[in-house]
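Structure, as structure tokens:
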Amino acid sequence: MRPQSFRFTVFALCALLGTALSLQAQAQMVPRAPQIEAKGYLLMDAASGQIIVEHNAEQRLPPASLTKMMTAYIAEEELQKGNISEKDMAPISVQAWQMGGSRMFVREGTRVSVGDLLRGIIIQSGNDASVAMAEYIAGSEDAFADLMNQHANRLGMDSSHFMNATGWPAENHFTTAKDMAILARAIVRDFPDHYDLYAKKEFTYNGITQQNRNLLLWRDPTVDGLKTGHTDEAGYCLVSSAKKDNMRLIAVVMGTASESARARESQKLLTYGFRFFETYKAYSAGDVLDTVDVWMGKQDQLRLGLAEDLVLTIPRESHENLKAEISVTPQLEAPILEGQQYGTLTVRMDNDVLVKKSLVALEPVEEAGLFTKLWHHLLLFFKGLF
0 MRPQSFRFTV
10 FALCALLGTA
20 LSLQAQAQMV
30 PRAPQIEAKG
40 YLLMDAASGQ
50 IIVEHNAEQR
60 LPPASLTKMM
70 TAYIAEEELQ
80 KGNISEKDMA
90 PISVQAWQMG
100 GSRMFVREGT
110 RVSVGDLLRG
120 IIIQSGNDAS
130 VAMAEYIAGS
140 EDAFADLMNQ
150 HANRLGMDSS
160 HFMNATGWPA
170 ENHFTTAKDM
180 AILARAIVRD
190 FPDHYDLYAK
200 KEFTYNGITQ
210 QNRNLLLWRD
220 PTVDGLKTGH
230 TDEAGYCLVS
240 SAKKDNMRLI
250 AVVMGTASES
260 ARARESQKLL
270 TYGFRFFETY
280 KAYSAGDVLD
290 TVDVWMGKQD
300 QLRLGLAEDL
310 VLTIPRESHE
320 NLKAEISVTP
330 QLEAPILEGQ
340 QYGTLTVRMD
350 NDVLVKKSLV
360 ALEPVEEAGL
370 FTKLWHHLLL
380 FFKGLF
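Read in numbering that gives the first Met the number 0, the sequence shown has 15 at position 16, and its numbers run on one by one without any break.
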């Protein structure tokens with residue numbers, strides 16, 4: 000047995016999948032993205048995290064009630080951890096009761112269930128509900144804002160800073176279209192049991208029924224979330240998500256001119272994404288992508304693969320243009336640790352690199368006994384002579 004010191008393989012991605020693709024197929028032509036009337040906007044594939052369209056996506060802008068997505072995210076995480084329950088009765092403070100703007104119409108001195116507060120935040124965009132939730136979780140809104148910023152940092156929302164739980168105008172309270180897409184993706188991914196709340200068209204509390212301000216919930220059956228926002232400073236904002244077939248898109252528009260404009264411009268982005276792009280699962284985590292030889296081990300070979308699914312966002316009907324390249328660390332020697340990187344997978348579309356992923360060991364390889372190790376050292380010595 001003679002381990003290879005270097006492996007470099009080029010093959011069509013369809014060979015990886017065992018899928019027969021017609022070489023005669025023509026990739027669909029993709030036009031330029033539509034013009035969007037907004038200060039900042041972005042379209043993201045939720046599965047891959049790939050950005051399809053963006054403009055001023057990293058410009059810091061006031062988020063208005065888009066802030067409440069983070070408030071809801073934290074509440075949902077506390078629920079998932081079991082730290083709070085939807086049946087918990089949260090006290091309503093004077094501060095929460097006195098909040099202006101959009102309200103759930105809770106009353107000072109009463110107690111409201113966490114489940115109702117969460118609906119008041121997501122569906123009714125209640126400032127009072129948001130403050131009440133913040134106070135119940137963290138003791139005060141200021142402490143909750145610190146928690147919001149810690150979560151933003153953890154999620155990679157590097158250009159966001161929160162001063163309150165509502166989006167009420169405040170100095171040093173800002174985010175970006177990109178960060179809002181990151182947060183929306185996290186909500187969809189991390190809390191599927193609560194995500195259906197974002198699609199609810201209305202909620203009744205205290206005898207008052209209020210409708211969700213996301214007009215796309217009425218206009219487009221593929222849309223199932225997420226959140227609107229508006230202040231004079233921020234303009235009209237909308238983070239929307241829609242699912243069609245196996246593709247979920249997240250659209251963010253910030254600083255549009257009206258309620259109808261934010262819906263219209265978001266619809267442009269979603270239509271463009273679904274029409275000209277697709278989510279393509281190229282490889283699954285744990286699948287064997289390559290098998291390589293190993294020195295000094297109880298096993299002669301090592302299986303390599305990916306730690307996570309490889310999901311790509313590509314123009315429709317462009318599979319034949321995908322190619323993958325594998326490079327493996329030369330002269331692998333035991334011990335081999337499961338999950339450790341021992342190579343790289345590079346996927347290209349024509350001449351453009353789409354993604355690079357680490358190739359990891361799919362199982363451990365223990366060191367061999369003394370006799371085998373001595374024999375392999377001898378083979379390596381003679382190998383080095385030639």
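Note that CB positions come from ideal geometry on N, CA and C, so glycine has one too.
- Along the region 19 to 86, the alpha helix (DSSP H) occurs as fully enclosed runs of 4 or more residues at 67 to 80, listed in sequence order.
- The residue from His150, Asp289, Met88 and Leu237 with its alpha-carbon nearest to that of Met253 is Leu237.
- If you look at Gly108, you'll find it isn't in any beta strand (DSSP E); DSSP assigns it neither H nor E.
- Assigned with DSSP and collapsed to three states, His193 falls in coil, not helix or strand.
- By the beta-carbon neighbour count (other beta carbons within 10 angstroms, threshold 16), Ser239 is buried.
- Per the Cβ contact rule, the region 69 to 88 is in contact with the region 182 to 201 (3 or more Cβ pairs under 8 Å).
- Distance from the CA of Leu65 to the CA of Gly228, rounded to the nearest whole angstrom, comes to 5 Å.
- With contacts defined by Cβ atoms closer than 8 Å, Ala360 and Gln339 form a contacting pair.
- Approximately 11 Å separates the beta-carbon atoms of Phe275 and Thr312; this is outside 8 Å, ruling out the contact.
- Inside the region 180 to 264, DSSP marks whole alpha helix (DSSP H) runs of 4 or more residues at positions 215 to 218, from first to last along the chain.
- Assignment of beta-bridge partners to Lys355 by DSSP yields Thr345.
- Following the DSSP letters along the chain, one finds Glu319 in no alpha helix (DSSP H), marked with neither H nor E.
- One alpha carbon belongs to Asp44, the other to Gly138, and they sit about 36 Å apart.
- In this structure, the beta-carbon distance from Leu225 to Ile122 does not fall below 8 Å.
- The criterion of a C-beta distance shorter than 8 Å is not satisfied by Lys86 and Gly125.
- Taking each of Phe143, Val111, Asp141 and Ala144 in turn and checking the Cα distance to Ala128, the smallest one comes out for Val111.
- When the alpha-carbon of Thr165 is set against those of Val327, Met68, Thr278 and Glu57, the nearest one is in Met68.
- Cβ-Cβ distances below 6 Å link Trp167 to nothing in the same chain once the five nearest sequence neighbours on each side are left out.
- For Lys280, the three-state secondary structure derived from DSSP is strand.
- DSSP, read as helix, strand or coil, puts Ile91 in coil.
- In the DSSP assignment, Gln97 is bridged to no other residue.
- For Ala56 against Thr175, the beta-carbon gap comes to about 6 Å, under 8 Å, which counts as contact.
- When DSSP states are grouped into helix, strand and coil, Val130 belongs to the helix group.
- Counted as a single uninterrupted DSSP element, the beta strand (DSSP E) harbouring Leu309 occupies residues Leu309 to Pro314.
- Secondary structure of Leu301 (DSSP, three-state): strand.
- In this structure the region 214 to 225 does not touch the region 141 to 160; the number of beta carbon pairs closer than 8 Å is below three.
- Going by DSSP, Asp286 is part of no alpha helix (DSSP H) at all; its letter is neither H nor E.
- Each residue's CA atom was taken as its position, placing Asp223 and Leu269 some 12 Å apart.
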